[in-house]
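Notes follow the structure.
In our numbering, the protein residues as written are 5 to 110.
Here it is, written out as structure tokens:
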């Protein structure tokens with residue numbers, strides 16, 4: 005998507021105690037064009053949930069954590085901006101369990 009920028013929060017460091025602003029860094033990348041069967045969704049709402057704290061740790065947990073330098077995982081709802089998927093059209097509302105994902109064949 006030429007000239008479109010995706011802003012995303014990356015984990016800069018593992019929090020010691022309560023997370024602080026220094027544990028995060030804002031990153032900006034060009035939005036890639038969707039491949040066959042993929043969509044691009046413009047986020048409208050992002051979920052911030054208690055389970056996220058466990059994912060901000062290098063310790064073993066019930067699910068894979070977020071590594072330093074990775075995008076924080078979380079739910080999101082948004083509007084389809086571009087679609088290369090027959091079941092989705094621009095303007096549709098989409099929900100995904102991993103905000104920041106470009107698209108899926110699902």
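Think of the CB as a built atom: it goes at the ideal place given N, C-alpha and C, for glycine as much as any other residue. Note that the structure is a prediction, hence the values are computed from the model and not measured.
How big is the Cα-Cα spacing for residue 88 and residue 57? Roughly 35 Å separates the two Cα atoms.
Taking buried to mean at least 16 other C-beta atoms within 10 Å of its own C-beta, is residue 112 buried or exposed? Since the first residue of the chain shown is 5 and the last is 110, residue 112 is not available in this structure.
Just to confirm before moving on: does the CB-CB distance between residue 38 and residue 86 stay below 9 Å? Cβ distance < 9 Å, so residue 38 and residue 86 count as in contact.
Taking Cβ to Cβ, would you say residue 27 is nearer than 9 Å to residue 19? Going by C-beta atoms, residue 27 is nearer than 9 Å to residue 19.
What whole-angstrom Cβ distance do residue 81 and residue 49 have, given they're in contact under 8 Å? Your pair residue 81 and residue 49 checks out as a contact, with CB atoms roughly 5 Å apart and the cut at 8 Å.
Comparing alpha-carbon positions, which option in 42, 54, 99, 14 lies nearest residue 22? Considering only alpha carbons, the answer is 54.
Identify every run of the alpha helix (DSSP H) within the stretch 24 to 100, keeping only runs that are complete inside it and at least 4 residues long; order them along the chain. Runs of the alpha helix (DSSP H) inside the stretch 24 to 100: 56 to 59.
Quick check: what's the CA-CA separation for residue 99 versus residue 16? Roughly 26 Å between the two C-alpha positions.
May I ask you to report which of helix, strand or coil DSSP gives residue 20? In this structure, residue 20 counts as coil in the three-state DSSP scheme.
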